[in-house]
Amino acid sequence: MVKVLFVCLGNICRSPVAEAIFNKRIREAQLVHRFLADSAGTSAYHLGDPPDQRSVNNALSNGVKINHRARQIISKDFYEFDYILAMDQDNLQHIELMAQNQGVSHSGIFLIRSFQSNGQELEVPDPYFGGKHGFQKVFDVLDDCNRRFIEYLVKAH
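Here it is as structure tokens:
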């Protein structure tokens, strides 16, 4: 089974949405026996907290249910997950530094938007301090990235 970890800063907005979208698309494609996703944050700000209610509401309005509690990425994740997808450059650098400090060589660490169809922007914006529109934009970006990433996974695995 191929395992994917989505990572943002606090694990309450972007990464739980990415995880929920991925798992829904995998269920729809009847691929649950091949792929599994989780999410984590690089910070410990919100450990054990549910996702931001604005993310939950926006995802539900798009037919996606989020069932997650915030957790922080740990060294064990580098061995458990085949792919670790960061939402932005800061989190990517944090993940890469953490892997380096653990002496881990992990070839599956990417920015999630590297799988997006247009490939113009590299980061998923953090909607935390924005309005409702920002949460929908993040959902749309993550949905597109996940569709492309799943296509990649099916071909690669």
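Taking this note's numbering, the leading residue of the sequence shown gets 479, the next gets one more, and so forth.
The C-beta atom is built at its ideal place from N, Cα and C for all residues, glycine as well.
Computed from a prediction, not measured in an experiment: that's the story for all the values here.
Item to check | According to DSSP, residues forming a beta bridge with Ala-434 | outcome: Residue 434 falls outside the range modelled here, since the chain spans only 479 to 635, and no answer is possible.
Item to check | Inter-residue Cα distance where the pair is Asn-535 and Glu-601 | outcome: 23 Å
Checklist entry - Does DSSP classify Ala-537 as helix, strand or coil? => result helix
Checklist entry - For Gly-612, which three-state DSSP category applies? => result helix
Checklist entry - On the three-state DSSP scale, how would you describe Leu-514? => result strand
Next on the checklist: So, at 7 Å on beta carbons, what are the nonlocal neighbours of Lys-502 in its own chain, with the 5 sequence-adjacent residues on each side left out?
Outcome noted: Val-542
Checklist entry - What is the DSSP secondary structure of Gln-531, reduced to helix, strand or coil? => result helix
Next on the checklist: Checking 7 Å against the spacing of the C-beta atoms, do Phe-565 and Cys-486 come in under that value?
Outcome noted: As written in the sequence, residue 565 is Met, which differs from the Phe given in the question. Yes, the Cβ-Cβ distance between Met-565 and Cys-486 is below 7 Å.
Item to check | Cβ shell of Val-480 (< 8 Å), same chain only, five flanking positions each side left out | outcome: Arg-512, Phe-513, Leu-514, Asp-560, Tyr-561, Leu-631, His-635
Checklist entry - Taking buried to mean at least 16 other C-beta atoms within 10 Å of its own C-beta, is Glu-497 buried or exposed? => result buried
Checklist entry - Where does the unbroken alpha helix (DSSP H) through Val-495 begin, and where does it stop? => result 492-506
Item to check | Minimum C-alpha distance to Ser-553 - residue among Leu-620, His-584, Tyr-523, Phe-613 | outcome: His-584
Checklist entry - Considering only residues of the same chain and omitting the five flanking positions on each side of Tyr-523, which have a CB-CB separation below 7 Å? => result Gly-488
Checklist entry - Looking at C-alpha atoms only, which residue of Leu-525, Gln-531, Gly-519 is the closest neighbour of Asp-555? => result Gly-519
Next on the checklist: Just to confirm my understanding: we take Leu-589, look at its own chain, exclude 5 residues before and 5 after, and list those with CB closer than 6 Å. What are they?
Outcome noted: Ala-564, Leu-570, Leu-600
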